[in-house]
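Counting from 1 along the sequence shown, just add 37 to a position and that's the residue number in our numbering. Ideal Cβ positions, reconstructed from N, Cα and C, are used throughout, including at glycine. Reviewing the structure listed below.
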Amino acid sequence: MRGRRPGRKFPSSYFKEKPVKVGDVVDLTISEISRRGDGLARLQGYVIFVPHTNKGDSVKAKIVQVLPSHAVGEVVQ
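Given below as C-alpha cells:
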C-alpha cells in the first residue's frame with residue numbers, strides 16, 4: 038500500500054461552511070435535550086447546544102463555539 042497515507046476519513050459535512058459563526062445571535066427552538074442535559078436545537082440541520090434550556094423553549098442564543106459537528110450557544114434572552 039505504498040503511496041497511501043493512513044489516516045482518518047472525514048465526512049464531507051466536516052468541511053462545509055457552517056450556518057453560524059462565533060458571535061452570531063440566532064433565534065432557536067429547543068427540540069430535544071442532549072445526554073448531558075443541554076438543550077439541542079437545529080439550524081439548517083446543524084446542531085446547536087444551548088445549556089440551561091428545556092424542550093420547547095424559544096430562545097435567542099449567542100454562538101460562543103463552532104465545531105465541525107456542532108456549535109455551542111448561550112442564552113441572550
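Checklist entry - Relative to the C-alpha of residue 67, which residue among 104, 103 and 98 is closest? => result For this step, residue 67 is matched to residue 30 along the sequence shown. Measuring from the Cα of residue 67, the nearest candidate turns out to be 98.
Next on the checklist: Restricting to Cα atoms, I'd like to know which of 62, 58 and 47 is closest to residue 112.
Outcome noted: What you label residue 112 is simply residue 75 of the sequence shown in a count that begins at 1. It is 62 whose Cα lies nearest to the Cα of residue 112.
Item to check | Other residues of its chain near residue 83: CB distance less than 8 Å, five sequence neighbours each side excluded | outcome: Taking the first residue of the sequence shown as 1, we reach residue 83 at position 46. Only 55, 56, 57, 107 and 108 meet the Cβ criterion.
Item to check | Residue range of the unbroken beta strand (DSSP E) whose run includes residue 100 | outcome: Residue 100 sits at position 63 when you count from the first residue of the sequence shown. For residue 100, the uninterrupted beta strand (DSSP E) segment begins and ends at 95–103.
Item to check | Cβ-based burial, residue 44 [other Cβ within 10 Å; buried from 16] | outcome: Residue numbering aside, residue 44 sits at position 7 when the sequence shown is read from its first letter. Classification for residue 44: exposed.
Next on the checklist: Please report the straight-line C-alpha distance between residue 85 and residue 77, rounded to a whole angstrom.
Outcome noted: Along the sequence shown, read from residue 1 onward, the residue named residue 85 stands at position 48. Along the sequence shown, read from residue 1 onward, the residue named residue 77 stands at position 40. Rounded to the nearest angstrom, the two C-alpha atoms are 6 Å apart.
Next on the checklist: Relative to the C-alpha of residue 80, which candidate in 42, 95 and 47 has its C-alpha closest?
Outcome noted: Looking up residue 80 in the sequence shown gives position 43. Taking only the C-alpha atoms, the option nearest residue 80 is 95.
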